[in-house]
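Chains as they are written, first to last, in the numbering used here: chain X, 35 to 404; chain P, 35 to 404.
Before any comments, here is the structure.
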């Protein structure tokens, strides 16, 4: 049976499409790849044809819609199947159902791939790792700017922070961080700057005036405008003096992260690394569970792959038992969260090498900013 | 038969999901709505449960995954179907095929909706229109900043533009524009600043040093960070003196846009407005076709709906024969493009009212900047 791989989507947010064609286009188009290393091609509207010719990955042919009739997607796919004598199409898990049902009704076979559509995406070439490092450097510039502003802030009588006489807020820090991203060719969908108990909700963006003596979780993840690769970095700091429980949590999470990084190597099982980290945190007194104020402790995965998607394979969590392999780029981000005082999360990125891992993150990790 | 509406996706980029639940979450979750105005609910992981409780739209119940077993999406959907005695689910056109096939194999009926999943999204409440206007004001601030910088630029002996002694590039203008967006609570995926012949490709982002005497197409479309609504605005300017053909193109496109806005009212057929515009441009000598350098003339739709997506229903193009209705927000953006000298595109946004339309765009339209 002769099946071609097929994607029908835009390539700004669909990273399988971007990986396939090599450029970002905002409107849906067709990509197909014939079996056994055969032809790879895209079919573009008049509006995008010239740009696609100029920007598509080497080796990807660019056809105008008129080549395949252009009277609707199903009709085009029919003509493609006929031209190349295909038995059907193999498509990504997220392929649109209405189109698939229409194709099947029209007699085209469509099979959704249960795994990664491009397994190669998980293993980064040195050139791809360089793009991720470039994104991470932009991320670190944003973090440095945040550190500077927190250092320059003054502590009021009620512990609130001010900068040049105005309240130092999550919003102000976020703007300053994202301006640094922009200067470095990157942009963020969202940026977490969550102070105090807001930091106990790991995905809370954070808002309002920040305070001394309580942790500020900053999770920064911008995307390079040029190539589409992401950086990911989390630090947690306290302006002034940290309470003892926060210091203990910081030291424990720091050690958990360093231990986990030492275990990141080809052949290591992500679930084992995650579970070892959870056990370590619990043994230090940082237990996980559900209370009347919601979840507490360590209740997210230890890490995730990063590439053209901010979250991609491999996942480093309690469920993934597929061994790590060279070329993968993953985050290592243990954290503990308690509604009573907030959260601590510390995140680096590593590149799995032939024998271990290389830490891509270069910015320091510390708790207190005087 | 009792079918519930169902979406399984994240809500940062899936606007049907955002419209349904009212907040932006980066990871996939379940939304369902029982028939006949019945219960609406989302099912959240431990990681997002607390935030969802705090941020979900009024009237949307928030369940923890554990409520429905949490041993995989299909299992959860089975338990939801059982609890509410459902015969199946009605899902958006873009629902993921692998999940749908898995549900069907497991005995759950799944029907993909051929049209808009939430037809109400197309008709904006006054509160939604206000959000779009807020986004458009941020967009206009970006455009004003670009006008200022072009006005301040100096023309070199070779017609190239410099600002404070450095080349004035597409990249520099884009950064300045996007900084204005940021100051106004908005962010852009991409921003078109295309000078000279680059402007003849409508989706070319533009790069390199800009020149006097040749059109600069600026198409700005940022999204409000808070509510997720978009603004969309295009102006085309020339620094210094415009050539006669560019002046004639500008005057013609300007008149085409004003004529089209006058036709935007409930009951008007989008295809008629688009075709009238194309005829007007052709009658003025701006013909459409395909040459050895690619497409030329007016080869995109006259406009599109704007809301939580930058491109949504209704489309204003040669194919859409569904009459306009009150509450729709659409762009009106005729343009002409010629590989020999570049492009002219002029875009406003209108809100269809009970009897006509209200132009939401307030910034002036002019060609030359001295």
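By construction, the Cβ of each residue, glycine as well, lies at the ideal position given by its N, Cα and C atoms.
Kindly list, in the order they appear in chain P, the residues whose Cβ is closer than 9 Å to that of residue i.
i, result
"residue 213/X", "213 and 216"
"residue 258/X", "Chain P residues near residue 258/X: none, gap ~13 Å exceeds 9 Å."
Which residue from the options puts its Cα closest to that of residue i?
i, options, result
"residue 253/X", "366/X, 357/X, 313/X and 362/X", "366/X"
"residue 313/P", "346/P, 214/P, 347/P and 370/P", "370/P"
"residue 125/X", "318/X, 102/X, 40/X and 298/X", "40/X"
"residue 144/X", "155/X, 85/X and 35/X", "35/X"
"residue 184/X", "266/X, 208/X and 138/X", "208/X"
"residue 57/X", "66/X, 127/X, 275/X and 44/X", "44/X"
"residue 237/X", "49/P, 61/P and 67/P", "61/P"
"residue 119/X", "38/X, 190/X and 264/X", "38/X"
"residue 222/P", "399/P, 372/P, 173/P and 234/P", "173/P"
"residue 384/P", "351/P, 224/P and 166/P", "166/P"
"residue 396/X", "178/X, 160/X and 94/X", "178/X"
"residue 94/P", "115/P, 84/P, 67/P and 105/P", "67/P"
"residue 170/X", "400/X, 388/X, 344/X and 351/X", "344/X"
"residue 191/P", "283/P, 231/P, 274/P and 156/P", "274/P"
"residue 231/P", "247/P, 224/P, 218/P and 307/P", "247/P"
"residue 403/P", "303/P, 376/P, 116/P and 186/P", "186/P"
"residue 228/P", "54/P, 394/P and 373/P", "373/P"
"residue 91/X", "103/X, 54/X, 81/X and 331/X", "54/X"
"residue 117/X", "361/X, 289/X and 102/X", "102/X"
"residue 215/P", "245/P, 182/P and 255/P", "255/P"
"residue 382/P", "360/P, 288/P and 325/P", "288/P"
"residue 244/P", "77/P, 175/P and 189/P", "189/P"
From which residue to which residue does the beta strand (DSSP E) around residue i run?
i, result
"residue 43/X", "37-43"
"residue 252/X", "250-254"
"residue 268/P", "267-273"
"residue 241/P", "It is not in any beta strand (DSSP E) - residue 241/P carries neither H nor E in the DSSP assignment."
"residue 215/P", "Not the beta strand (DSSP E): residue 215/P falls in the alpha helix (DSSP H), residues 204-217."
"residue 197/P", "195-197"
"residue 263/P", "First-last for residue 263/P: undefined, no H or E at that position."
"residue 234/X", "Here residue 234/X belongs to no beta strand (DSSP E), and DSSP marks it neither H nor E."
"residue 366/X", "363-366"
"residue 346/X", "346-350"
"residue 370/X", "369-372"
"residue 339/X", "337-339"
"residue 382/X", "382-386"
"residue 330/X", "328-330"
Contact defined as beta carbons within less than 8 Å: I believe residue i pairs with residue j. What is the distance between those atoms, to the nearest angstrom?
i, j, result
"residue 380/P", "residue 286/P", "So it is not a contact: roughly 10 Å between Cβ atoms."
"residue 99/X", "residue 79/X", "6 Å"
"residue 299/X", "residue 390/X", "5 Å"
"residue 337/P", "residue 363/P", "With a Cβ gap of about 10 Å, residue 337/P and residue 363/P do not count as contacting."
"residue 42/P", "residue 107/P", "6 Å"
"residue 84/P", "residue 328/X", "4 Å"
"residue 204/X", "residue 265/X", "So it is not a contact: roughly 20 Å between Cβ atoms."
"residue 251/P", "residue 377/P", "5 Å"
"residue 131/X", "residue 129/P", "4 Å"
"residue 401/X", "residue 281/X", "7 Å"
Tell me which residue opens and which closes the alpha helix (DSSP H) that residue i is part of.
i, result
"residue 310/P", "304-317"
"residue 279/X", "278-297"
"residue 173/P", "160-186"
"residue 397/X", "Unbroken run through residue 397/X: none, as it is neither H nor E."
What residues from chain P crowd round residue i, counting only those whose CB sits closer than 7 Å?
i, result
"residue 249/X", "Those within 7 Å of residue 249/X in chain P number zero; the least Cβ separation is about 17 Å."
"residue 125/X", "131"
"residue 146/X", "131, 132 and 135"
Identify the contact partners of residue i in chain X, using a Cβ-Cβ distance below 7 Å as the criterion.
i, result
"residue 46/P", "223"
"residue 334/P", "81"
"residue 328/P", "83 and 84"
For residue i, go through chain P and note every residue whose CB falls closer than 8 Å to its CB, in chain order.
i, result
"residue 85/X", "235, 237 and 238"
"residue 129/X", "130, 131 and 132"
"residue 209/X", "216 and 217"
Is there at least one non-hydrogen atom of the ligand MG closer than 8 Å to the beta-carbon of residue i?
i, result
"residue 179/P", "In the structure shown, the ligand MG is absent, as is every other ligand, since no ligand is present at all."
Exercise for review: For the region 54-107 of chain P, list the alpha helix (DSSP H) runs that are entirely contained and at least 4 residues long, ordered along the chain.
Suggested key: 80-89
Check your understanding: Can you list, in chain order, the stretches of the beta strand (DSSP E) that have 3 or more residues and sit fully within the region 116-158 of chain X?
Key -> 122-125 and 143-146
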